[in-house]
Amino acid sequence: MDWFLIFSRAFEAGIGSEAIIYCLAAIGLNVQFGYTGLLNFGQAAFLAVGAYSIATTVATFGLPFFLGVGIGLVLSVLLALLLGIPTLRLRADYLAIVTIAAAEIVRIIVRSVALKDTFGGTDGLQEFAHSFYALNVFPAGQYSILGGFIGFDHRGMWVLLVGWVLVALVSVILLFAMKSPWGRVLKAIREDEDAVRALGKNVFSYKMQALVIGGVIGAVAGFIFALSRSSAQPDLYSTELTFFAYTVLILGGAARILGPIVGAALFWFLMIFVKTGLEEAINKQVITFLNVNQVGAIQYMIIGLGLILLLIFRPQGIFGDKREIALDAR
Amino acid sequence: MHADTGFQSRKAAALAAFEGLASEPGVPKPDPILVVDNVVRRFGGLTAVDVAHLEVQRGSITALIGPNGAGKTTFFNQLTGFDTADAGEWTFNGRKMSGVPAYKVARQGMVRTFQLTKALSKLTVVENMRLGAQRQRGENFFAGLIPQLWRGQESLITSEAEELLTRFKLIAKRDDFAGSLSGGQRKLLEMARALMGNPELVMLDEPMAGVNPALTQSLLGHVKNLREEGMTVLFVEHDMDMVRDISDWVIVMAQGAVIAEGPPHTIMSDPRVIDAYLGAHHDAPLSAEEAEQQLHEAEAELTAEADQTGMDGNSRKESGDERG
Ligand SMILES: Nc1ncnc2c1ncn2[C@@H]1O[C@H](COP(=O)(O)OP(=O)(O)O)[C@@H](O)[C@H]1O
Ligand SMILES: [Mg+2]
Numbered sequence: 003m004d005w006f007l008i009f010s011r012a013f014e015a016g017i018g019s020e021a022i023i024y025c026l027a028a029i030g031l032n033v034q035f036g037y038t039g040l041l042n043f044g045q046a047a048f049l050a051v052g053a054y055s056i057a058t059t060v061a062t063f064g065l066p067f068f069l070g071v072g073i074g075l076v077l078s079v080l081l082a083l084l085l086g087i088p089t090l091r092l093r094a095d096y097l098a099i100v101t102i103a104a105a106e107i108v109r110i111i112v113r114s115v116a117l118k119d120t121f122g123g124t125d126g127l128q129e130f131a132h133s134f135y136a137l138n139v140f141p142a143g144q145y146s147i148l149g150g151f152i153g154f155d156h157r158g159m160w161v162l163l164v165g166w167v168l169v170a171l172v173s174v175i176l177l178f179a180m181k182s183p184w185g186r187v188l189k190a191i192r193e194d195e196d197a198v199r200a201l202g203k204n205v206f207s208y209k210m211q212a213l214v215i216g217g218v219i220g221a222v223a224g225f226i227f228a229l230s231r232s233s234a235q236p237d238l239y240s241t242e243l244t245f246f247a248y249t250v251l252i253l254g255g256a257a258r259i260l261g262p263i264v265g266a267a268l269f270w271f272l273m274i275f276v277k278t279g280l281e282e283a284i285n286k287q288v289i290t291f292l293n294v295n296q297v298g299a300i301q302y303m304i305i306g307l308g309l310i311l312l313l314i315f316r317p318q319g320i321f322g323d324k325r326e327i328a329l330d331a332r
Numbered sequence: 034m035h036a037d038t039g040f041q042s043r044k045a046a047a048l049a050a051f052e053g054l055a056s057e058p059g060v061p062k063p064d065p066i067l068v069v070d071n072v073v074r075r076f077g078g079l080t081a082v083d084v085a086h087l088e089v090q091r092g093s094i095t096a097l098i099g100p101n102g103a104g105k106t107t108f109f110n111q112l113t114g115f116d117t118a119d120a121g122e123w124t125f126n127g128r129k130m131s132g133v134p135a136y137k138v139a140r141q142g143m144v145r146t147f148q149l150t151k152a153l154s155k156l157t158v159v160e161n162m163r164l165g166a167q168r169q170r171g172e173n174f175f176a177g178l179i180p181q182l183w184r185g186q187e188s189l190i191t192s193e194a195e196e197l198l199t200r201f202k203l204i205a206k207r208d209d210f211a212g213s214l215s216g217g218q219r220k221l222l223e224m225a226r227a228l229m230g231n232p233e234l235v236m237l238d239e240p241m242a243g244v245n246p247a248l249t250q251s252l253l254g255h256v257k258n259l260r261e262e263g264m265t266v267l268f269v270e271h272d273m274d275m276v277r278d279i280s281d282w283v284i285v286m287a288q289g290a291v292i293a294e295g296p297p298h299t300i301m302s303d304p305r306v307i308d309a310y311l312g313a314h315h316d317a318p319l320s321a322e323e324a325e326q327q328l329h330e331a332e333a334e335l336t337a338e339a340d341q342t343g344m345d346g347n348s349r350k351e352s353g354d355e356r357g
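Structure below.
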């Protein structure tokens, strides 16, 4: 078995564009769910809004790339308001139901035949990322990191640079926000919103702010998603994406700034480690009772089992505070 | 910090205000801070609250008593904006408060605690306290990002919080999670936290329920202190000994309505009150209508209990079972 290949693939995935995308998506959920207790099951919709804003602005309308970025940010704010206004005064589960439906609606709209001229139907949109790669600071070529252990081409390097800088920027902003009295109000709302109301805080407004901020970060994840693939395809923005982002968040530890970052890197490392490992084992005849076509399913089973074990032995995630979990049991 | 004479004078002043008032429901007070008119709240066919007129005297400790299910908690919920009344108006300091959302009611200086304690378990004790402070600059997202803008205010708030924690004997628990406190300590914390907002009217829903006897004395002392500091207290309590000990005036509710008011030492001998309380423990054989009504009430109560969305639909569990 080629362990070098297995590890280098896994490491590449752990810092690669998937990790960045799911990291940002999970950071958004961390603001909403981790800190405020809002169950947004439609994070995929915010990524789709980000991705399609750039794609449509550039590929369909031939307008500038940065206008697309601006439109994506504005639309994600509007989507959050649209989802929040009717639901945030109601019980928590209403938001979950509405957001999961909204995500499907967004996906069905962008893949619809009627709007094929605008959104490209099931094929999606391409040819919109030139302006982004035109800004690339890396000259064309292959780049190897850690003495050739892992490597990316210049486009990959540009995505990683922009992506991780965005992750760092967003995380630092949230670090300050969550340490502030503003963050204290969010955490208190997560615990008991009536208690917070009784102390004179406008709970609705804070929940809306959390929803908007998390949604905007989701749209940024969508930018990276579309740009890294130079393509926006509707079926990538299914509910599965949201649930993987939740997995990343819970793996790393909710309500911790580093949670989504470590969670995303580890999640994608393990996903590819298991996948490449199985493929290698089958190809090299180490495992003979499986074939390569079964790897996809087995991969999810193993990762799923791992997550179950994590939740049993470390329910707070990697960075969570065990004392907090203990309080729930009281 | 309060001289004994000051202590006496506030109490004396409060008692003087009630001097010679009729023991009638809705009797006008010399200087009411809270005036309530025709507040009605129905849950389906059940009228939980139907208060025609009520005034709460400024600077006094007023007890709100009544059998379980009388509507005391529901009435609190209406007044503080936690539930929407079907009808009625009320003013606080002359300002109309009906229809005002809960957080604005609190900002106006009318704060309440809950029958089921709402300590924020995963916040530390001192963070709980800080949360209670009003007009915090750092509670704005953008200002929050720049610590220089709120650090100063935060340290003022913190020393205020520490002062209160010392007074409430919770200072040793300053950095513990609120969830690790005992039931009585949580009640103390909730009260102390409410005081961080410098309220004028403090509404306590069963502050002594579930508190061990060793702490009740200190809780009573704190409630008395609130009056000495010029606050008005309206509190719900079941234990008549405590009510007699600390209240200046007592309002009695039964089946949603205010049925009597009066000074604590005479109110329990009022025939309407005896009726209301004994009605709940009926020894005499029931008439058919009464039996049916009790059955309906029991049913309504069960549905309310099953309804998880209620403010404290199952709060009665904690508070004993007068109704029997
Ligand atoms: N959310 C609710 N839904 C239906 N009925 C309720 C609800 N809340 C309270 N009730 C009913 O209203 C009546 C008054 O209850 P409550 O205000 O809790 O009484 P108290 O605090 O005086 O014990 C009770 O009969 C109770 O069952
Ligand atoms: Mg009650």
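Which chain is which? The protein sequence lines are S and R, in order.
Here our numbering is used: position 35 in the first sequence is 37, and no number is missing along the way.
Here our numbering is used: position 74 in the second sequence is 107, and no number is missing along the way.
Note that CB positions come from ideal geometry on N, CA and C, so glycine has one too.
All figures in this text were calculated on a predicted structure; none of them were measured in a lab.
Q. By the 10 Å Cβ neighbour count, where 16 or more other Cβ atoms means buried, how is A46(R) classified, buried or exposed?
A. exposed
Q) How is H86(R) classed by DSSP in three states: helix, strand or coil? A) strand
Q: Using a Cβ-Cβ cut-off of 8 Å, state whether A205(R) counts as contacting chain S.
A: no
Q | Residues that DSSP places opposite Y145(S) in a beta bridge | A | F154(S)
Q | Proximity of G36(S) and L251(S) at Cβ, strictly below 8 Å | A | yes
**Q.** I314(S) versus A27(S) - alpha carbon distance
**A.** 25 Å
Q. Can T106(R) be considered in contact with ligand 1, in the sense that its beta carbon sits closer than 7 Å to one or more heavy atoms?
A. yes
**Q.** Length of the line joining the Cα atoms of V82(R) and G104(R)
**A.** 5 Å
Q. Roughly how many angstroms separate the alpha carbons of A166(R) and P232(R), rounded to a whole number?
A. 10 Å
Q) Which chain R residues are close to D194(S), counting only those with a beta carbon under 8 Å from its beta carbon? A) K151 and L153
Q.
Is there a C-beta anywhere in chain R that falls below 8 Å from the one on S182(S)?
A. yes
Q: Using three-state DSSP, classify H315(R) as helix, strand or coil.
A: The predicted model places H315(R) with a pLDDT of 47, which falls under 50 and marks its position as unreliable; any figure quoted below should be read in that light. Coil.
Q) If you draw a straight line from the alpha carbon of L188(S) to that of G92(R), how long is it in whole angstroms? A) 35 Å
Q. What do you get for W5(S), buried or exposed, if any count of 16 or more other CB atoms within 10 angstroms of its CB means buried?
A. exposed
Q. With a cut-off of 8 Å, does the C-beta of L248(R) fall near any C-beta of chain S?
A. no
Q. With burial defined as no fewer than 16 other Cβ atoms inside 10 Å of the residue's Cβ, what is the status of V139(S): buried or exposed?
A. exposed
Q. What are the boundary residues of the beta strand (DSSP E) that V285(R) is part of?
A. W282 to A287
Q) Going by the beta-carbon positions, is the gap between I226(S) and S55(S) smaller than 8 Å? A) no
(Q) Would F48(S) and S78(S) be called neighbours here (beta carbons separated by less than 8 Å)? (A) yes
Q. Does any C-beta atom of chain R lie closer than 8 Å to the C-beta of R332(S)?
A. Only weak support is given to the placement of R332(S): the predicted model assigns it a pLDDT of 48, under 50, and the question is left unresolved by the model.
Q. From F109(R) to V60(S), what does the alpha carbon distance come to, in whole angstroms?
A. 57 Å
Q. L48(R) and D281(R) look like a contact to me (Cβ under 8 Å); what is the Cβ gap, rounded to whole Å?
A. 6 Å
Q: Leaving out five residues on either side along the sequence, give the residues of the same chain with a beta carbon under 8 Å from the beta carbon of R207(R).
A: T157, V158, V159, E195 and L198
Q.
Would F178(S) pass as an interface residue toward chain R - the criterion being a Cβ-Cβ separation below 8 Å?
A. yes
Q) Listed in chain order, which residues of the segment 120 to 138 of chain R have Cβ atoms closer than 7 Å to some Cβ of chain S? A) A135 and Y136
Q: Identify the contact partners of L201(S) in chain R, using a Cβ-Cβ distance below 9 Å as the criterion.
A: Y136, A139, V144, L164, G165, A166, Q167, R226, A227, M229 and G230
Q. Terminal residues of the continuous alpha helix (DSSP H) containing R93(S)?
A. Element bounds for R93(S): n/a, residue is neither H nor E.
Q) Assuming M275(R) contacts V235(R) under a Cβ cut-off of 8 Å, what Cβ separation, rounded to an integer in Å, is found between them? A) At roughly 16 Å, the Cβ-Cβ gap does not stay under 8 Å, so M275(R) and V235(R) are not in contact.
Q | DSSP three-state assignment for R91(R), whether helix, strand or coil | A | coil
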